[in-house]
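Student:
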Amino acid sequence: MNNLEKAIKLVEDKISGCEEIILDLFGGLTSQVTDAINYDIGAEEGIRGDVSELLEIFPPNSVSEIIASGPQAFFLEQDPQKVGCVAGKFFGNLS
């Protein structure tokens, strides 16, 4: 059984057991949220996957709560002065 199949089975089991599904999106290696399913590209516990697979794993209306409190990306560690700011026709001048 591959990773995607394991993830689908985990979600199917929760649904068939009438369990509430709380999704910890970008949860890191392990979720810090009690009873949440960790979903991260580098997950050691929960579901290891990228966001392109979310719709294959979670059926419509199956997730009761999505928590995204720990997203990480290389640019979040950079000095904002080096990265710059968002500005343009639709954004005004955000920094």
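Numbering-wise (my numbering), the sequence shown opens with residue 1483 and increments by one.
The beta-carbon is built from N, C-alpha and C at its ideal position, and this holds for glycine as well.
My parser needs the alpha helix (DSSP H) runs of 4 or more residues fully inside the stretch 1491 to 1559; what are they?
Tutor: Runs found: 1536 to 1539.
Student: Could you check the C-alpha separation between Val1533 and Gly1524 for me, to the nearest Å?
Tutor: Here the question's residue 1533 lines up with position 51 in the sequence shown. Here the question's residue 1524 lines up with position 42 in the sequence shown. For Val1533 and Gly1524, the distance between alpha carbons rounds to 12 Å.
Student: Could you say which of Asn1485, Leu1486, Phe1540 lies nearest to Glu1502 if we only look at CA atoms?
Tutor: Along the sequence shown, read from residue 1 onward, the residue named residue 1502 stands at position 20. The shortest Cα separation from Glu1502 among Asn1485, Leu1486, Phe1540 belongs to Phe1540.
Student: Measure the alpha-carbon distance for Ala1518 versus Met1483 and round it to whole angstroms.
Tutor: To locate residue 1518, count along the sequence shown from 1; it is residue 36. To locate residue 1483, count along the sequence shown from 1; it is residue 1. Spanning the two alpha carbons is a distance of roughly 23 Å.
Student: Compute the Euclidean distance between the alpha carbons of Asn1512 and Leu1537, then round it to the nearest angstrom.
Tutor: Here residue 1512 is taken as the residue at index 30 of the sequence shown, counted from 1. Here residue 1537 is taken as the residue at index 55 of the sequence shown, counted from 1. It should be noted that the sequence gives Thr, not Asn, for residue 1512. Their Cα atoms are separated by approximately 21 Å.
Student: Which word fits Gly1528, buried or exposed, when buried means at least 16 other C-beta atoms lie within 10 angstroms of its C-beta?
Tutor: Within the sequence shown, numbered from 1, the residue matching residue 1528 stands at position 46. With 16 or more other Cβ atoms within 10 Å, it is buried.
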